[in-house]
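Be aware that the sequence shown starts at 14, since it is given in the numbering used here, and climbs by one per residue.
Don't be surprised by glycine CBs; every beta carbon is placed ideally from N, CA and C.
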Amino acid sequence: MTHQAEVQAILAGARAERAALLAQLSPALQASLPVDATGISQALDHLGDAAGLDVHREQVEAHKTNAAVLHGRVFGRAPLSADTVLAAFVDGARVRAGMLTHLADAVGGEELVIDVGRVLERHPPDRDLPAAYEAQEHAAVVIARHLDEAAR
């Protein structure tokens with residue numbers, strides 16, 4: 014299977030799992046989960062493995078300053094506000110954007126970094142979170158396609 018097909022399958026599987034989960038939740042709980050990074054995180058792991066990079070470890074390190082993590086360190090198990098939840102999603106998107114750029118550089122150099130950057134900059138996470146997540150999924154497919162083309 015090509016990297017592009019593998020990444021697309023990962024993303025489609027994660028979307029299907031999210032849809033199944035959301036169907037079981039109340040509308041209020043659904044609203045508190047505006048996006049899901051499972052697919053893009055799994056795609057990053059796949060692409061990192063293909064590139065010989067441990068992006069999973071890099072993501073874990075970068076998420077240590079996530080808004081929700083910091084809230085937990087300061088306030089313990091106190092409930093998160095809606096703003097903190099949203100900030101955590103935005104923080105996560107920023108981390109993944111950095112990982113995508115790092116991967117693009119590792120596998121394709123400056124030209125691929127520019128291509129991926131164009132995809133990501135059209136939808137910054139702090140403006141339109143769902144669009145930013147979609148852009149990140151697209152960027153992962155662009156990187157996967159590059160890996161496939163380089164292997165030919």
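- Rounded to the nearest whole angstrom, the CA to CA distance from residue 52 to residue 147 is 10 Å.
- Between the region 82-93 and the region 135-144, the count of C-beta pairs closer than 8 Å stays below three; the two stretches do not touch.
- Within the same chain, 144, 145, 147 and 148 come within 8 Å of residue 136 by CB-CB distance, once the 5 residues on both sides are set aside.
- Burial check for residue 127: the Cβ neighbour count within 10 Å stays below 16, so the residue is exposed.
- For the 8 Å CB-CB criterion, residue 23 and residue 69 do not form a contact.
- Look at residue 40 here: in three-state DSSP terms it is helix.
- In the three-state DSSP reduction, residue 112 falls in the helix class (H, G or I).
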